[in-house]
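Take a look at the structure set out below.
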Amino acid sequence: MSAISKALTTIVRKPLNKHERNELCYALLDVDSIHSTSLDGYLLGKVVGVGTFGKVRIATHKVSAQVVAIKTYERSRTKDASQWKRIQHEAKLMEKLDHPYIIRLHETIETPTKLHIVMENVSSDVGNLCEFVKRHKRLSESDAGHVFIQIVSAVIHMHSMHVIHRDIKLENILLDRYGNTKLVDFGFSAVQSATKPFSTFCGTPCYMAPEIIHRKTYWGQPVDVWSLGVLLFAMLCGFFPFRARNYNDLYRKILKGHFDFPPHVSHDAQTLIRGMLEADPTKRLKLHDVRAHAWTRQFRAMKHQHLPLYRQLSLGLLADSIAAVLQRHLFEHMEMLGIHRNVVQTALDEKRYNGLSTLYYLLLHRAEVLCHGGDSSEEMIVSAEPPPQVLEADPRPTKKTTVVQASPPPSPDATSWSSHVQNEPHSESSLSGAEPDLETLARLNDDDMLDSKLVPWQSRELRDVVEMLDSEM
Numbered sequence: 001m002s003a004i005s006k007a008l009t010t011i012v013r014k015p016l017n018k019h020e021r022n023e024l025c026y027a028l029l030d031v032d033s034i035h036s037t038s039l040d041g042y043l044l045g046k047v048v049g050v051g052t053f054g055k056v057r058i059a060t061h062k063v064s065a066q067v068v069a070i071k072t073y074e075r076s077r078t079k080d081a082s083q084w085k086r087i088q089h090e091a092k093l094m095e096k097l098d099h100p101y102i103i104r105l106h107e108t109i110e111t112p113t114k115l116h117i118v119m120e121n122v123s124s125d126v127g128n129l130c131e132f133v134k135r136h137k138r139l140s141e142s143d144a145g146h147v148f149i150q151i152v153s154a155v156i157h158m159h160s161m162h163v164i165h166r167d168i169k170l171e172n173i174l175l176d177r178y179g180n181t182k183l184v185d186f187g188f189s190a191v192q193s194a195t196k197p198f199s200t201f202c203g204t205p206c207y208m209a210p211e212i213i214h215r216k217t218y219w220g221q222p223v224d225v226w227s228l229g230v231l232l233f234a235m236l237c238g239f240f241p242f243r244a245r246n247y248n249d250l251y252r253k254i255l256k257g258h259f260d261f262p263p264h265v266s267h268d269a270q271t272l273i274r275g276m277l278e279a280d281p282t283k284r285l286k287l288h289d290v291r292a293h294a295w296t297r298q299f300r301a302m303k304h305q306h307l308p309l310y311r312q313l314s315l316g317l318l319a320d321s322i323a324a325v326l327q328r329h330l331f332e333h334m335e336m337l338g339i340h341r342n343v344v345q346t347a348l349d350e351k352r353y354n355g356l357s358t359l360y361y362l363l364l365h366r367a368e369v370l371c372h373g374g375d376s377s378e379e380m381i382v383s384a385e386p387p388p389q390v391l392e393a394d395p396r397p398t399k400k401t402t403v404v405q406a407s408p409p410p411s412p413d414a415t416s417w418s419s420h421v422q423n424e425p426h427s428e429s430s431l432s433g434a435e436p437d438l439e440t441l442a443r444l445n446d447d448d449m450l451d452s453k454l455v456p457w458q459s460r461e462l463r464d465v466v467e468m469l470d471s472e473m
């Protein structure tokens with residue numbers, strides 16, 4: 001603990017004078033609202049992504065000198081109040097989720113014209129899981145198991161909070177500097193009612209469960225299990241289980257549920273994936289079955305390896321004596337800034353996502369980086385992903401079905417952008433670049449087999465489809 005204690009003494013770059021300290025405390029202790037109302041606590045950096053509704057910037061938290069990612073939605077760019085409500089809904093869902101393998105929300109800052117979502121910055125040379133698998137062609141079962149057990153853990157947490165992701169895919173899994181996964185992009189996520197199933201047609205075609213394609217009502221948990229099965233198959237094989245030249249053929253293959261494995265995939269892995277890709281959702285493996293499966297069990301001991309210190313603290317993985325000393329040092333240094341520990345503890349206990357809780361976790365992260373000899377103020381860019389395109393739904397939805405745009409595939413010629421905004425909620429942004437060659441769909445071992453762009457565009461007749469998910473909020 002001595003190294004951490006020493007690091008904590010250097011958290012603030014320079015001593016604050018009385019005026020600066022009072023100004024800081026005024027900003028942090030705005031007791032009239034749970035959330036902050038301005039970005040005054042951050043130094044805004046360069047824009048790393050632009051979408052239909054706003055942009056993503058890298059920013060530095062002024063007090064802790066830690067880098068964060070700020071996703072900003074602009075109200076003027078939305079069509080109506082329901083679309084803005086959907087954007088707010090995404091932020092509220094993120095507040096429900098606190099898990100080491102889910103991107104962490106630090107705070108939301110809302111003004112009459114904008115909504116800022118401040119998130120942890122995933123700094124790594126690895127990028128997202130799709131990029132990682134493509135570079136390696138496919139993953140060994142050991143490497144895939146390390147990733148998979150973490151993602152399963154994240155989804156179990158989401159489901160325990162009654163939140164369904166509905167767009168689990170390789171591109172929505174980031175890999176951090178510790179080799180841990182971060183599940184991102186909650187634009188299609190929704191709270192599952194105990195009595196009312198979903199009816200929305202949404203997701204990424206290659207990962208869609210049969211019940212979504214059927215345009216039937218469906219329950220969310222089996223849909224996420226199906227997507228996890230596709231994801232595991234893709235990691236182990238380097239291509240998708242269902243491939244076709246057009247939407248109709250792809251949907252037909254998914255509905256039939258027939259697929260084959262390359263010979264290198266082990267028997268246990270095959271039985272697990274077949275159980276997850278069972279076309280009948282009532283017969284499909286449940287998440288607890290997936291976690292208890294023989295193939296998955298062998299990797300469970302790897303789940304919490306190399307977790308950053310602040311995550312070990314929040315998970316209760318640190319010895320009580322170490323956790324107590326660490327928290328005492330944190331509170332002491334916050335009191336040096338004029339912030340009483342009881343106020344901070346209340347914010348943490350009540351799970352408030354505001355300036356106080358943000359400062360607490362960023363100070364802890366800075367202390368860890370410093371005690372490992374790193375420069376925590378160095379700007380690390382989040383992994384880059386292309387902006388969204390419109391992926392139009394099939395023009396034949398059945399009655400009672402709300403149709404939304406499917407999660408968009410990346411364009412190979414797109415300007416790079418942040419993984420935190422891969423899919424703006426139901427956006428209609430378009431991107432220049434050639435449509436994917438249909439022959440790409442027939443190649444089984446090409447790197448492109450792991451891109452969502454495998455499914456070609458249909459006609460543009462449904463550009464004005466109903467986008468909102470109001471019935472499911």
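454 is the number that the UniProt record's numbering gives to position 454 of the sequence shown; each next residue is one higher, with no gaps. From the three backbone atoms N, C-alpha and C, an ideal C-beta is built for every residue, glycine too.
Element boundaries [alpha helix (DSSP H), containing residue i]
i      : result
Ile151 : Glu141 to Ser160
Lys96  : Ala81 to Lys96
Lys256 : Tyr247 to Lys256
Ile273 : His267 to Met276
Ala294 : Ala294 to Arg297
His136 : Leu129 to His136
Option nearest residue i by Cα separation, candidates the options
i           : options                           : result
Met161      : Asp185, Lys169, Gln221 and Val184 : Gln221
Ile70       : Thr113, Glu95, Ser76 and Leu43    : Leu43
Arg284      : Ala269, Phe239 and Val225         : Val225
Trp219      : Thr200, Glu74 and Trp295          : Thr200
Gly229      : Met208, His214 and Gly51          : Met208
Leu170      : Ala154, Thr113, Ile213 and Ala234 : Ala234
Thr181      : Gln192, Phe259 and Glu120         : Glu120
Trp295      : Gly275, Ala269 and Ile164         : Ala269
Cys206      : Gln66, Ala194, Ala65 and Tyr247   : Tyr247
Val223      : Leu250, Thr282 and Phe261         : Thr282
Leu139      : His258, Leu337, Cys237 and Pro100 : Cys237
residue 476 : Ala81, His116 and Leu105          : Nothing can be reported for residue 476, as the shown portion of the chain is limited to 1 through 473.
Ala91       : His99, Asp320 and Glu110          : Glu110
Residues bridged to residue i [DSSP beta-bridge criterion]
i           : result
Gly49       : Val56
Lys283      : None, per the DSSP bridge assignment.
residue 477 : Within the shown structure, residues of the chain are numbered from 1 to 473, placing residue 477 beyond reach of any answer.
Phe239      : BP columns for Phe239 are empty, so no partner.
Tyr207      : For Tyr207, which the question treats as bridged, DSSP gives no partner whatsoever.
Ala190      : Ile164
Leu348      : According to DSSP, Leu348 bridges with nothing at all.
Ala69       : Ile58 and Met119
Tyr218      : Phe198
Residue i vs residue j beta-carbon contact at 8 Å
i      : j      : result
Val290 : Leu277 : no
Thr103 : Leu183 : Note that residue 103 corresponds to Ile in the displayed sequence, not to Thr. A contact, by the Cβ cut-off of 8 Å.
Asn128 : Ile173 : yes
Ser227 : Ile168 : yes
Thr217 : Pro197 : yes
Ser189 : Val147 : no
Ile212 : Leu255 : no
Val152 : Leu287 : yes
Lys137 : Tyr73  : no
Ser64  : Arg366 : yes
Val118 : Thr346 : no
Gln66  : Tyr101 : no
CA-to-CA distance, residue j to residue i, given in whole angstroms
i      : j      : result
Asp40  : Phe331 : 23 Å
Ala244 : Val47  : 37 Å
Met94  : Val265 : 35 Å
Arg300 : Phe186 : 26 Å
Phe53  : Thr108 : 16 Å
Lys134 : Phe239 : 9 Å
Phe132 : Glu141 : 15 Å
Glu335 : Ser123 : 30 Å
Tyr353 : Thr37  : 12 Å
Ala292 : Gln298 : 10 Å
Lys79  : Gly45  : 28 Å
Phe261 : Ala194 : 36 Å
Val50  : His267 : 44 Å
Ser377 : Leu363 : With a pLDDT of only 43 at Ser377, under the threshold of 50, the placement of this residue in the model should not be trusted; the figure read from the coordinates follows. Distance between the alpha carbons of Ser377 and Leu363 is about 12 Å.
Leu441 : Leu250 : In this prediction, Leu441 scores a pLDDT of 29, lower than 50, which makes its location untrustworthy; the coordinate-derived value is nonetheless stated afterwards. Distance between the alpha carbons of Leu441 and Leu250 is about 10 Å.
Gln83  : Leu326 : 43 Å
His426 : Val191 : Residue confidence is low: His426 scores 33 on pLDDT, short of 50, so the model does not pin down where it sits. Its coordinate-derived value is still stated next. Going by the C-alpha atoms only, they are around 17 Å apart.
Gln158 : Leu97  : Per the sequence shown, residue 158 should be read as Met rather than Gln. Cα to Cα, Met158 sits roughly 7 Å from Leu97.
Cys202 : Arg166 : 8 Å
His329 : Arg341 : 11 Å
Gly355 : Thr60  : 13 Å
His333 : Gly145 : 40 Å
Ser76  : His106 : 24 Å
is_contact[residue i, chain B] using C-beta, thresh 8 Å
i      : result
Gln221 : The structure shown contains no chain B; it is built from a single protein chain.
Range covered by the beta strand (DSSP E) that runs through residue i
i      : result
Leu105 : Leu105 to Glu110
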